[in-house]
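Below is one structure, written out as structure tokens; comments come after it.
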Amino acid sequence: MTKVIPQSDIYKYLYDEEYKGVRGFIAVDEHSKNLKTLYENYEGARLDYDGTMFKIDNGVNGVSTQIGIPDKFYGTIEYKENNPAKLIIPRWEANAENYPYTARGFTGSKNVVLPEFTYERGYVGNFQSGDILNIRDSNNGKVIQQFIYDEDLTEKWIIGVK
1 MTKVIPQSDI
11 YKYLYDEEYK
21 GVRGFIAVDE
31 HSKNLKTLYE
41 NYEGARLDYD
51 GTMFKIDNGV
61 NGVSTQIGIP
71 DKFYGTIEYK
81 ENNPAKLIIP
91 RWEANAENYP
101 YTARGFTGSK
111 NVVLPEFTYE
121 RGYVGNFQSG
131 DILNIRDSNN
141 GKVIQQFIYD
151 EDLTEKWIIG
161 VK
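Just so we're aligned: 45 in full-length UniProt numbering is position 45 of the sequence shown, and the numbers increase by one with no gaps anywhere.
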């Protein structure tokens with residue numbers, strides 16, 4: 001499974017004990033592997049929802065107000081889901097408040113057909129040894145730094161080999 005995270009959350013996932021796992025919308029790794037750059041992920045996974053922390057340019061993106069410069073990096077968390085019963089295909093009603101959500105089980109992208117999944121409300125898929133957090137260059141998607149989770153260590157995320 002893969003979770004794309006904004007530049008502003010990378011530090012939180014690495015060092016904040018409240019960020020102990022994956023929650024929210026996710027994708028099957030094989031379905032999203034062709035999305036390389038931040039823009040491709042932004043458009044393909046429809047990360048332009050209201051209040052998004054993903055910044056692809058200056059000013060306003062979609063319905064979200066952006067402040068500052070575009071993100072130079074973004075993160076991907078790659079992990080094995082050991083509790084697939086907690087995954088659901090989101091089917092709650094689509095409306096203007098939750099745009100670009102489609103209620104069809106796929107993102108609303110014009111260019112990519114990407115199945116979307118989420119977890120049952122309140123569930124957090126805790127990190128396990130072997131999970132990977134990649135910091136990627138926003139322009140080309142190349143891994144700049146990789147971290148590997150080790151639940152037996154005091155510092156849970158260790159620098160991995162790219």
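Built from N, CA and C at the ideal position, the CB exists for glycine as well.
The three-state secondary structure of LYS86, taken from DSSP, is helix. GLU78: not part of any alpha helix (DSSP H); member of the beta strand (DSSP E) spanning 73-78, first to last residue.
A residue is called buried once 16 or more other Cβ atoms fall within 10 Å of its Cβ, and ARG91, having fewer, is exposed.
Here ASP57 has PRO70 as same chain residues with Cβ atoms under 7 Å from its own Cβ, once five neighbours each way along the sequence are excluded. Judged by DSSP in its simplified three-state form, ILE10 adopts helix.
With 16 or more other Cβ atoms from the protein chains shown falling within 10 Å of its own Cβ, SER32 counts as buried. Per DSSP, ASN41 is one residue of the alpha helix (DSSP H) stretching across 38-44. Within 10 angstroms of the beta-carbon of GLU116 lie 16 or more other beta-carbons, which makes it buried. For ASP137, the uninterrupted beta strand (DSSP E) segment begins and ends at 132-137.
CA-CA distance, VAL161 to ASN139, rounds to 21 Å. Pairing LEU133 with ASP50, the inter-Cα distance amounts to about 25 Å. Counted as a single uninterrupted DSSP element, the alpha helix (DSSP H) harbouring GLU30 occupies residues 29-32. In the same chain as ASP16, and ignoring 5 residues on each side of it, no C-beta atom comes closer than 6 Å to its own. If you draw a straight line from the Cα of ASN34 to the Cα of THR76, it comes to about 13 Å. Distance check between ASP152 and each of ILE135, VAL143, TYR74, ASP131 places ASP131 closest, using alpha-carbon atoms only.
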